[in-house]
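Residue numbers (my numbering): 1236 to 1501.
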């Protein structure tokens, strides 16, 4: 009899442990479902923050009235080893592919009368912007002569032609905006006005800083402004930033979004 009672007691003990385990699992499941609902809410909130996709349009332009603006395609931004360039070769290769797209637009449009304008960071060693970004696109001075470093120079795929104006930025706390941060006051405005253009195709690096400023600056001054998606460089670690730039450009400034192969010169 004692053995039977002991066996029943052991069985009841096992049953009690099973109830405890079931209760623990129910509690865990309830907490997990609560967390899932919380994550679902966060996902919906995140979706609401992502701007809608922008469709690339076919565009026709009068080459003789158009300027291709190439923003800051310099070694320090575009090459591994550049002060603010990509960390890995894959990043450099992606930027080079974009550079070749820009080059194709230049080669298609310039023979038909399109103008090409470059902007470049151009910083002397004491430039105040270095407090934010550190030294980049540095120009040394020796005997009163400017000597641009490798990092300051345009990448080889997009070297300016002798007749291509180059607008230099620098000397300001931040020198992002080619319409503001130039050594010569109003240089960008006067350059575009002197070329007699009414349309600007803006390309270069990067979509949420200097390219952004160039696009907004052109649009605010009444130029028909076009941005080819495959002609702008974006920072890969800010995933939604390019999308927000496109959203701002198209909604606030009525910028036309396209791709390099969809630009037709007349």
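Ideal Cβ positions, reconstructed from N, Cα and C, are used throughout, including at glycine. Model, not experiment: these values are computed from the prediction.
Three-state secondary structure assigned by DSSP to residue i
i	result
residue 1387	helix
residue 1472	Here the model assigns residue 1472 a pLDDT of 48, short of 50, so the residue's position is not dependable, and the following value carries that caveat. The answer is coil: DSSP assigns residue 1472 none of H, G, I, E or B.
residue 1289	coil
residue 1439	strand
residue 1414	coil
residue 1356	strand
residue 1332	helix
residue 1362	coil
residue 1372	coil
residue 1346	helix
residue 1274	helix
residue 1483	helix
residue 1318	coil
residue 1444	coil
residue 1261	helix
residue 1409	coil
residue 1266	helix
residue 1339	helix
With 16 other Cβ atoms within 10 Å as the buried cut-off, status of residue i
i	result
residue 1255	exposed
residue 1420	exposed
residue 1325	exposed
residue 1484	buried
residue 1389	buried
residue 1279	exposed
residue 1265	exposed
residue 1481	buried
residue 1391	exposed
residue 1309	buried
residue 1261	exposed
residue 1403	buried
residue 1417	buried
residue 1276	exposed
residue 1472	Low per-residue confidence applies at residue 1472: pLDDT is 48, beneath 50, and the placement is therefore not dependable, though the value from the model is reported in the following sentence. So residue 1472 counts as exposed.
residue 1259	exposed
residue 1361	exposed
residue 1499	exposed
residue 1440	buried
Cβ-Cβ separation, residue j to residue i (assumed contact under 8 Å), whole Å
i	j	result
residue 1384	residue 1304	With a Cβ gap of about 24 Å, residue 1384 and residue 1304 do not count as contacting.
residue 1415	residue 1454	With a Cβ gap of about 15 Å, residue 1415 and residue 1454 do not count as contacting.
residue 1374	residue 1387	6 Å
residue 1445	residue 1311	No, residue 1445 and residue 1311 are not in contact; Cβ-Cβ is about 12 Å, not under 8 Å.
residue 1434	residue 1459	4 Å
According to DSSP, residues forming a beta bridge with residue i
i	result
residue 1377	1380
residue 1303	1351 and 1436
residue 1463	1493
residue 1498	1294
residue 1403	1355
residue 1309	1389
The region 1370 to 1386 touching the region 1418 to 1432, judged by at least three CB pairs closer than 8 Å: no
Touch test, the region 1388 to 1397 against the region 1408 to 1415, Cβ-Cβ under 8 Å, three pairs minimum: no
Validate contact between the region 1480 to 1495 and the region 1447 to 1463 using beta carbons, cut 8 Å, 3 pairs: yes
Contact between the region 1307 to 1318 and the region 1355 to 1370 (3+ Cβ pairs under 8 Å): yes
Cβ contact check for the region 1345 to 1352 and the region 1290 to 1303: 3 or more pairs under 8 Å: yes
Stretch-stretch touch, CB-based, cutoff 8 Å, three pairs: the region 1264 to 1274 with the region 1286 to 1300: no
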